[in-house]
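Here the structure is laid out as structure tokens; the discussion comes afterwards.
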Amino acid sequence: VYQTIAIQFQGQNEFDKSLQFFQKCLDAAQRAADRVKEAECYQKIGNIQDKLGNLEKAIEFLNKFLQLVEEEGHKAKQEEAHKMLAEAHSKNGNVASAIKHLQDLLSIANEEKDKTAQADAFLKLGLLYYQEGIVKQSVDSLQKHFELARAESDEKKT
Numbered sequence: 082v083y084q085t086i087a088i089q090f091q092g093q094n095e096f097d098k099s100l101q102f103f104q105k106c107l108d109a110a111q112r113a114a115d116r117v118k119e120a121e122c123y124q125k126i127g128n129i130q131d132k133l134g135n136l137e138k139a140i141e142f143l144n145k146f147l148q149l150v151e152e153e154g155h156k157a158k159q160e161e162a163h164k165m166l167a168e169a170h171s172k173n174g175n176v177a178s179a180i181k182h183l184q185d186l187l188s189i190a191n192e193e194k195d196k197t198a199q200a201d202a203f204l205k206l207g208l209l210y211y212q213e214g215i216v217k218q219s220v221d222s223l224q225k226h227f228e229l230a231r232a233e234s235d236e237k238k239t
């Protein structure tokens, strides 16, 4: 029930109220030992904190989301968590942490043979490397992105 109300407030851009209800949902999930719902709440709270510009809090909640999905072994959610953390760290000016999360995302995507996530990670890495003036790594990453994107496009045509 709390999550439904939180999502309604979020949809109305009433983020403070949404946070209150996601926190109640988180408390209920913890009391019920529902790790999946707990992880989902951490993710949602982290997203809202990000939207509000509270990047340190967003990172804190997204790290908790990552920790739980790692413990549960949920690879797709781990990819999602690393992607979100990379974006939050990048916005917060911590490019080194953003790059590390993208490299972790890439590692999981390679392991899972998730070409879409690989292409996305290489694109974001290329842009961050470029931003940092690391031209060779930027070019290499962007080249890998384009190769993967081209291969995906070719696969869809066949």
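Using our numbering, the letters of the sequence shown map in sequence onto residues 82 to 239.
Note that the Cβ used here is the ideal one computed from N, Cα and C, for glycine as well.
Exposure of ALA114 is indicated by the presence of fewer than 16 other C-beta atoms within 10 angstroms of its C-beta. Between the alpha carbons of PHE96 and ALA139 lies a distance of about 13 Å. In the three-state DSSP reduction, ASN135 falls in the coil class, being neither helix nor strand. With contacts defined by Cβ atoms closer than 8 Å, ALA120 and PHE146 form a contacting pair. Annotated three-state conformation of VAL82 is coil, per DSSP. When DSSP states are grouped into helix, strand and coil, HIS163 belongs to the helix group.
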